[in-house]
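This report concerns only the one structure given below.
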Amino acid sequence: MGTGMLGMENFLKRFVKNASGVTTPIVALGVTSLVGILGVTLEAGYWYKSKTDLQITADMAAYAGAVELENSTNDAAITASKLDALENGYDSTIGSITVSAPALTGAYVTEKSVEVKITQKGTQFFSTLFGNDRITYNVRAVASLVKMHEACVLALNTSAPSSINITGSVSANLPNCSLASNSNSSTAITFAGASYVIAKCLTTVGGISGLEGHATLECGAGKTGTKAYNDPYADVVVPSITDYPLCKTPVKTGKWDYALDAGRYCNNMTIKGTYSLDVGNYLFDAIDVKFIGNIATLIGSEVTIFLMNGATLSGLNGGASIIIEAPTSGIYAGLAIFSDPATQPSGTTVKLNGGSATSIEGIIYFPGQHVEFGGNTDLASACSMLIADTVDMKGNADFEITNCESVFGLVAPKLSTVFVVE
Numbered sequence: 009m010g011t012g013m014l015g016m017e018n019f020l021k022r023f024v025k026n027a028s029g030v031t032t033p034i035v036a037l038g039v040t041s042l043v044g045i046l047g048v049t050l051e052a053g054y055w056y057k058s059k060t061d062l063q064i065t066a067d068m069a070a071y072a073g074a075v076e077l078e079n080s081t082n083d084a085a086i087t088a089s090k091l092d093a094l095e096n097g098y099d100s101t102i103g104s105i106t107v108s109a110p111a112l113t114g115a116y117v118t119e120k121s122v123e124v125k126i127t128q129k130g131t132q133f134f135s136t137l138f139g140n141d142r143i144t145y146n147v148r149a150v151a152s153l154v155k156m157h158e159a160c161v162l163a164l165n166t167s168a169p170s171s172i173n174i175t176g177s178v179s180a181n182l183p184n185c186s187l188a189s190n191s192n193s194s195t196a197i198t199f200a201g202a203s204y205v206i207a208k209c210l211t212t213v214g215g216i217s218g219l220e221g222h223a224t225l226e227c228g229a230g231k232t233g234t235k236a237y238n239d240p241y242a243d244v245v246v247p248s249i250t251d252y253p254l255c256k257t258p259v260k261t262g263k264w265d266y267a268l269d270a271g272r273y274c275n276n277m278t279i280k281g282t283y284s285l286d287v288g289n290y291l292f293d294a295i296d297v298k299f300i301g302n303i304a305t306l307i308g309s310e311v312t313i314f315l316m317n318g319a320t321l322s323g324l325n326g327g328a329s330i331i332i333e334a335p336t337s338g339i340y341a342g343l344a345i346f347s348d349p350a351t352q353p354s355g356t357t358v359k360l361n362g363g364s365a366t367s368i369e370g371i372i373y374f375p376g377q378h379v380e381f382g383g384n385t386d387l388a389s390a391c392s393m394l395i396a397d398t399v400d401m402k403g404n405a406d407f408e409i410t411n412c413e414s415v416f417g418l419v420a421p422k423l424s425t426v427f428v429v430e
C-alpha cells in the first residue's frame with residue numbers, strides 16, 4: 009500500500025476515535041448544508057418543470073379559445089379558454105387567470121385572437137429553509153385565428169368524384185383565392201385536356217387528379233386531406249312569398265325589350281332582347297327564364313335574383329348573357345343569384361354554355377345544383393364567387409374572380425387555422 013493511502017487510512021482512524029465536541033457538529037452542519045443545497049437544486053428543477061407545465065396550460069387555453077372564436081363570439085371564446093385551463097392544470101385556489109379576446113397586448117391586438125395570462129403560486133419543499141415566501145409563476149400565451157385558403161369557387165358535395173371538373177381549354181384566373189372541394193373522393197378535383205388554372209391554391213378533403221401541367225398555384229401542389237369548408241350562406245333566409253302576394257309582369261319598352269320592377273314573377277319569360285331589372289329583389293317563382301338568340305340579355309344593378317320552387321335559367325349560350333351586379337348594402341349585400349336550397353330540386357344542372365359574355369358581380373349560389381360552364385362562357389368581372397354542389401368547367405370558358413372584398417366587402421369562404429403565436 010502506498011504512503012498516500014496509509015496516510016488517509018490513519019486520518020480516518022483518528023477521526024472516528026476523536027471524542028472531542030468540535031468535529032461532529034462541524035460535520036453535521038456540513039452534511040445538513042449539503043443536503044439543503046442538493047434539495048434546493050432539485051426543487052429548482054421542479055419549479056422549472058412546473059412553470060413549463062403551466063405555460064403549456066396557458067398555450068392550450070389560448071388555443072381552445074381561438075378555436076371557439078372561429079364560429080362564436082369573443083365572450084364564448086373567453087369562457088372556453090377558462091374552462092380549458094381548469095381542466096389542464098390551472099388551480100384557481102392558488103392563482104388567477106385573465107383572458108382577453110382579442111389580445112390586449114402584443115402583436116395581435118387587431119387580429120381575431122385570444123390572450124391568456126395565468127399567475128399561480130408554486131410549491132416549496134427544501135427552500136423553506138431559506139424563507140417562506142412562495143415562488144410565483146407568471147405565464148402568458150396568445151393564439152390567433154389565421155385565415156388560409158379563401159375560396160372563390162367552392163363545391164359543397166361531400167363525396168362526389170370530380171366535384172370540381174376542369175377540362176377542355178378552360179382558362180381560369182383566380183389570383184387572389186382558391187378553388188375548394190368538400191368532397192372526400194380521391195378524385196375530388198380533376199383536370200384534363202388543355203385546361204389551365206392560375207390560383208392561390210386548390211384545397212380538398214379528398215384528392216386531386218391530373219394536376220401536373222394544368223395549374224400555377226401559389227401554394228405549390230395543392231392541399232389535400234384538408235377539413236371541409238363551412239357554407240357561409242346556409243342560414244340566409246330568402247324573402248317570403250307571402251310578402252309578395254302579387255305576380256308582376258315585365259313591361260314592354262321596345263320590340264324585344266322589357267323593363268322589370270323588383271318583386272315576384274310567376275310566369276315564364278322568353279328573353280330575345282334586353283330585359284332591364286330595376287333595383288331590388290327578384291323572386292322567380294316556379295318559372296323558366298329562357299334566353300333565345302345572340303342578343304338576349306338580362307341586366308341590372310343592385311339586384312338579387314332568387315330562384316325558388318323549381319325556377320330555372322335556360323338557353324344561356326351563344327351570345328346570350330346575364331349582366332348583373334349584387335347589392336352593395338342591406339341583408340342581401342353581395343348576393344347576385346341565389347337558388348333557394350329549401351325549394352329548389354337537388355341534382356339538377358345549371359348551364360352557362362356557348363359564347364355568353366356574362367358578368368355576374370357577387371355571389372352565385374347553387375348549393376344543391378351542378379353548375380356547368382362551357383363553350384366560350386366568360387364570367388370575368390370585378391367579383392364573382394361561385395358556391396355550388398358540384399362545378400364543371402369545360403370548353404373555352406374563362407373564369408376570372410378578383411377584388412370581391414374591395415368592391416362588395418365580401419369575404420370568401422375560408423379555412424381558418426389556429427396558431428399559438430406568442
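Quick note: the sequence shown uses my numbering, first residue 9, plus one each step.
We put the beta carbon where it would ideally sit given N, CA and C, even for glycine.
Just so you know, these numbers come straight off a predicted model, no measurement behind them.
If you look at C209, you'll find it in the beta strand (DSSP E) that goes Y204 to T212. Exposed is the label assigned to L254, since fewer than 16 other Cβ atoms lie within 10 Å of its Cβ. Setting aside the 5 residues that flank it on each side, G318 is surrounded in the same chain by A294, T351, Q352 and P353, each with a C-beta closer than 8 Å to its C-beta; the list follows chain order.
In this structure, DSSP gives Q352 a state outside helix and strand, which the three-state scheme calls coil. The beta carbon of M316 sits closer than 6 Å to the beta carbons of D293, D348 and T351 from its chain, once the five residues preceding and following it are set aside; these are given in chain order. One thing to note: E369 has its Cβ within 8 Å of the Cβ of A344. The count of Cβ pairs closer than 8 Å, one atom from the stretch 260-279 and one from the stretch 388-401, stays below three, leaving the stretches out of contact. Per DSSP, A344 is one residue of the beta strand (DSSP E) stretching across L343 to S347. In the three-state scheme derived from DSSP, where H, G and I count as helix and E and B as strand, E380 is classed as strand. The beta carbons of Y98 and I105 sit closer together than 8 Å. Note on geometry: alpha-carbon atoms of I102 and Q128 lie some 6 Å from one another. When DSSP states are grouped into helix, strand and coil, G176 belongs to the coil group. A direct Cα-Cα distance of roughly 27 Å separates F416 from V297. The Cβ atoms of G301 and I332 lie no closer than 8 Å to each other.
Taking a C-beta distance under 8 Å as the contact criterion, V205 and F314 do not qualify as a contact pair.
Residue environment: P110 is assigned as buried (16 or more neighbouring CB atoms within 10 Å of its CB, all protein chains considered). E226 places its beta carbon 8 Å or farther from that of A420. Taking C-beta atoms under 8 Å as the contact rule, F346 and L324 fail to qualify, at a distance of about 17 Å. Bounds of the alpha helix (DSSP H) holding I86 are N82 to E95.
Here DSSP, grouped into helix, strand and coil, assigns I303 to coil. Ranking K263, L162 and P335 by CA distance to the CA of G288 puts P335 first.
Here G262 is exposed: its Cβ has fewer than 16 other Cβ atoms, across all protein chains shown, within 10 Å.
When the beta-carbon positions are compared, Y71 and V358 stay at least 8 Å from each other. When the five nearest sequence neighbours on each side are left out, the beta carbons in the same chain lying within less than 7 Å of the beta carbon of K280 are those of W264, I300, G301 and A304, in order along the chain.
Of the residues Y237, T234, D286 and A242, the one whose Cα lies closest to the Cα of K256 is D286.
For A85, the number of other beta carbons within 10 angstroms of its own is at least 16, and it is reported as buried. Non-local beta-carbon contacts of A202 in its own chain, meaning distances under 6 Å to residues more than five positions away in sequence, involve S177 in chain order.
Per DSSP, the unbroken alpha helix (DSSP H) holding V415 starts and ends at C412 to F416. N165 is not a Cβ neighbour of S186, given a cutoff of 8 Å.
Per DSSP, the continuous beta strand (DSSP E) segment holding I332 begins and ends at S329 to E333. Taking C-beta atoms under 8 Å as the contact rule, T234 and G215 fail to qualify, at a distance of about 11 Å.
V147 counts as buried, since at least 16 other C-beta atoms from the protein chains shown sit within 10 angstroms of its C-beta. For D67, the three-state secondary structure derived from DSSP is helix. Distance check between A163 and each of T250, S424, F199 and F374 places F374 closest, using alpha-carbon atoms only. Per DSSP, the unbroken beta strand (DSSP E) holding D400 starts and ends at S392 to M401.
About 4 Å separates the CB atoms of A69 and A93; that is less than 8 Å, so the two are in contact.
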